[in-house]
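Engineer: Just dropping this structure here.
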Amino acid sequence: MEKVVSGIRPTGNLHLGNYFGAVKSFVAMQDNYQSMFFIADWHSLTTHPKPENIQNSARTILAEYLACGIDPQKAPIYVQSDVKETLELYLYLNMNTYLGELERVTTFKEKARKQPDNVNAGLLTYPTLMAADVLQHRAHKVPVGKDQEQNMEMMRKCARRFNNIYGIEFFPEPQNFYFNATALKVPGLDGSGKMGKSEGNCIYLRDDDKTIRKKVMKAVTDNGPQEPNSKRPEVIENLFTFLKIASTPETYQYFDEKWNDCTLRYGDLKKQIAEDLVNIVAPIREKIEDYSANTALLDKVAKEGADYARQSASETLKEVRKIIGFRIY
Ligand code: TRP
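All residue numbers for the sequence shown refer to numbering that gives the first Met the number 0, where the first residue is 0 and numbers rise by one.
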């Protein structure tokens, strides 16, 4: 069975955009691949977070992913910093990666622009750490968003170069598995294109029913349909996208007809969306609360995940040391 590995950037709580994008595709993959997921807390050090934030975020993320359906029996989930084997491979990969190519990575250039006082070496070598995350398991596929394209290129370059230097087909070149391609794109509630944390237009999986209803009712609209069968402006199309995501095809058709004969009332449409979203989010939220209260279970999941990942990584590292010419004990 093909191996799949992906990292989760610890950036706050999951919203519906994450849920219908990355998370659902992770959950689908655990049945068809030998999957492993990890919380990329080392990568988060590039921005110098406070220790208390690091500790809290790993449990928070674990609780949310488990609540969404990641089953650690099928797909072990671990915390990156628990698997120190990664660092050894990171060092080896850094020796074969050149300053020029790392400096050309757009995410590096962007981050350097955003934090000019903190252009640290970790930021520069972000792609080689990411390569070590995946290559240590000799994984074949990496579910990622489009924004990771260049990091994935670097990862394949690391694999290829290692293989070339030592004249051995050791690392597979991991392929991108774009969940954006098949995933539903969840729009923002403010009429803007996409639901995203930085856009501040999100419904979070931890939002209570009242908050969800309030957010949906405040969604941007216009003066209503003016002519029969007209094309919907983006803000309204976005609401229909929510219907598509959250409601039944019959409900979608009902509101579509109302739009087409100009009898649609946005209040009714929003109420429908709000209730359907509540029905999706509420059971997940309850599970998040249950898991969050069970820190012993969360720690056990992380520990077992780490044991599994360390086993997998140390098998690779043993071979790597041999190939490079180091002693193995
Ligand atoms: N860079 C990824 C992101 O920003 C997170 C990540 C770290 C990752 N290591 C990885 C993703 C390895 C896939 C594989 O989302």
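Where a beta carbon is used, it is the ideal one built from N, C-alpha and C, also for glycine.
For PHE241, which residues in the same chain have their Cβ closer than 6 Å to its Cβ, ignoring the five residues on either side in sequence?
Structural biologist: The sequence position of residue 241 within the sequence shown is 242, counting from 1. ILE272.
Engineer: Taking the continuous alpha helix (DSSP H) assigned at VAL280, which residues delimit it?
Structural biologist: Reading the sequence shown from its first residue, position 281 is the one you call residue 280. Start and end: 265-292.
Engineer: Helix, strand or coil, according to DSSP, for VAL215 in the structure here?
Structural biologist: As a first step, residue 215 must be located in the sequence shown, where it is residue number 216. Helix.
Engineer: Would DSSP call PHE36 helix, strand or coil?
Structural biologist: Taking the sequence shown and counting its residues from 1, the one referred to as residue 36 is at position 37. Strand at PHE36.
Engineer: Can you grab the Cα-Cα spacing for the pair LYS2 / SER80, in whole Å?
Structural biologist: Your numbering for residue 2 matches position 3 in the sequence shown. Your numbering for residue 80 matches position 81 in the sequence shown. Looking at the two C-alpha atoms, the distance is approximately 21 Å.
Engineer: If distances are taken between C-alpha atoms only, which option among ASN259, GLU198, SER246, ILE164 comes closest to LEU92?
Structural biologist: Translated into the one-based positions of the sequence shown, residue 92 becomes position 93. The shortest Cα separation from LEU92 among ASN259, GLU198, SER246, ILE164 belongs to ILE164.
Engineer: Only counting the same chain, and skipping five residues up and downstream in sequence, which positions put a Cβ closer than 7 Å to that of ILE69?
Structural biologist: Here the question's residue 69 lines up with position 70 in the sequence shown. Excluding residues within five positions, the ones whose Cβ falls inside 7 Å are PHE25, VAL26, GLN29, PHE36, ILE76.
Engineer: Take PHE169 as the anchor and find which of CYS201, GLY16, LEU316 has the nearest alpha-carbon.
Structural biologist: Indexing the sequence shown from 1 puts residue 169 at position 170. For PHE169, the nearest C-alpha among the options comes from LEU316.
Engineer: With distance defined between alpha-carbon atoms, name the residue in PRO126, ARG160, ILE327 nearest to ASN95.
Structural biologist: In the sequence shown, the residue the question calls residue 95 occupies position 96. Selected option, being the one with the closest Cα: ARG160.
Engineer: Is the Cβ-Cβ distance between LYS193 and GLY199 less than 8 Å?
Structural biologist: Your numbering for residue 193 matches position 194 in the sequence shown. Your numbering for residue 199 matches position 200 in the sequence shown. No, these two residues do not count as a Cβ contact at 8 Å.
Engineer: Tell me whether ASP146 is buried or exposed, calling it buried when 16 or more other Cβ atoms sit within 10 Å of its Cβ.
Structural biologist: For this step, residue 146 is matched to residue 147 along the sequence shown. By the 10 Å Cβ count, ASP146 comes out exposed.
Engineer: Run through DSSP, which three-state label would GLN174 get?
Structural biologist: Taking the sequence shown and counting its residues from 1, one reaches residue 174 at position 175. In this structure, GLN174 counts as strand in the three-state DSSP scheme.
Engineer: Go ahead and label PHE325 buried or exposed: buried means 16 or more other beta carbons lie within 10 angstroms of its beta carbon, across all protein chains shown.
Structural biologist: Start at 1 with the first residue of the sequence shown, and residue 325 comes out as number 326. That one is exposed.
Engineer: Which ranges would you report for the beta strand (DSSP E) in the region 118-145 if only whole runs of at least 3 residues count?
Structural biologist: Counting only runs of 3 or more, we get 140-143.
Engineer: For a test of the three-state rule: what should DSSP assign to GLY6, helix, strand or coil?
Structural biologist: Numbered from 1 along the sequence shown, position 7 holds the residue referred to as residue 6. GLY6 falls in the strand class under three-state DSSP.
Engineer: Is there contact here, the region 147-157 with the region 104-124, by at least three beta-carbon pairs under 8 Å?
Structural biologist: Flag = yes, the region 147-157 and the region 104-124 touch.
Engineer: In terms of alpha-carbon separation, which member of ILE244, HIS14, TYR307, ILE235 lies closest to LYS257?
Structural biologist: Here the question's residue 257 lines up with position 258 in the sequence shown. Nearest C-alpha to LYS257: ILE235.
Engineer: Which runs of the beta strand (DSSP E), 3 residues or longer, sit entirely within the region 27-81?
Structural biologist: DSSP runs (the beta strand (DSSP E)) wholly in the region 27-81: 33-38, 76-78.
Engineer: Less than 8 Å between the C-beta atoms of ALA182 and LYS23, yes or no?
Structural biologist: Position 183 of the sequence shown, counted from the start, is the residue given in the question as residue 182. Position 24 of the sequence shown, counted from the start, is the residue given in the question as residue 23. Yes, they are a contact pair.
Engineer: Please confirm whether any heavy atom of ligand 1 lies closer than 7 Å to the CB of VAL360.
Structural biologist: Examination of residue 360 is not possible in this model, given that the chain is present from 0 through 328 alone.
Engineer: Less than 7 Å separating the Cβ of ASN150 from some heavy atom of ligand 1?
Structural biologist: Indexing the sequence shown from 1 puts residue 150 at position 151. Because some heavy atom of ligand 1 lies under 7 Å away, the Cβ of ASN150 counts as near it: yes.
Engineer: Measure the alpha-carbon distance for ASN31 versus MET0 and round it to whole angstroms.
Structural biologist: Position 32 of the sequence shown, counted from the first residue, corresponds to residue 31. Position 1 of the sequence shown, counted from the first residue, corresponds to residue 0. Taking the straight line from one Cα to the other gives about 8 Å.
Engineer: Comparing the CB of HIS14 with every heavy atom of ligand 1, is any distance shorter than 7 Å?
Structural biologist: Within the sequence shown, the letter at position 15 stands for residue 14. Not under cutoff, so the answer is no.
Engineer: So GLY195 is in the alpha helix (DSSP H); what residue range does that whole segment cover?
Structural biologist: Within the sequence shown, numbered from 1, the residue matching residue 195 stands at position 196. No alpha helix (DSSP H) holds GLY195; DSSP gives it neither H nor E.
Engineer: Does the distance from the CB of GLY11 to the CB of LYS196 come in under 8 Å?
Structural biologist: Counting from one through the sequence shown, the residue named residue 11 turns up at place 12. Counting from one through the sequence shown, the residue named residue 196 turns up at place 197. Cβ atoms of GLY11 and LYS196: closer than 8 Å.
Engineer: May I ask which residues mark the beginning and end of the alpha helix (DSSP H) holding ALA158?
Structural biologist: Translated into the one-based positions of the sequence shown, residue 158 becomes position 159. Residues 148-165.
Engineer: Using three-state DSSP, classify TYR203 as helix, strand or coil.
Structural biologist: Stepping through the sequence shown from its first residue, residue 203 is reached at position 204. TYR203: strand per DSSP, three-state reduction.
Engineer: Beta-carbon within less than 7 Å of ILE327's beta-carbon, same chain only, minus the 5 sequence neighbours each way: which residues are those?
Structural biologist: Numbered from its first residue, the sequence shown carries residue 327 at position 328. Only LYS317, ARG320, LYS321 meet the Cβ criterion.
Engineer: Quick check: does the Cβ of ASP275 come within less than 7 Å of any heavy atom belonging to ligand 1?
Structural biologist: Within the sequence shown, residue 275 is the residue found at index 276, counting from 1. No, since every heavy atom of ligand 1 falls outside the 7 Å radius drawn around the Cβ of ASP275.
Engineer: Could you check whether GLY190 and ASN237 sit closer than 8 Å to each other, using their CB atoms as the reference points?
Structural biologist: Taking the sequence shown and counting its residues from 1, the one referred to as residue 237 is at position 238. Taking the sequence shown and counting its residues from 1, the one referred to as residue 190 is at position 191. Result yes, Cβ atoms of ASN237 and GLY190 sit closer than 8 Å.
Engineer: Ligand 1 and MET129: does any heavy atom of the ligand fall closer than 7 Å to the residue's C-beta?
Structural biologist: Your numbering for residue 129 matches position 130 in the sequence shown. Yes, the Cβ of MET129 comes within 7 Å of a heavy atom of ligand 1.
Engineer: Under 7 Å from any heavy atom of ligand 1, does the C-beta of SER5 make it?
Structural biologist: Stepping through the sequence shown from its first residue, residue 5 is reached at position 6. Yes, since a heavy atom of ligand 1 falls inside the 7 Å radius drawn around the Cβ of SER5.
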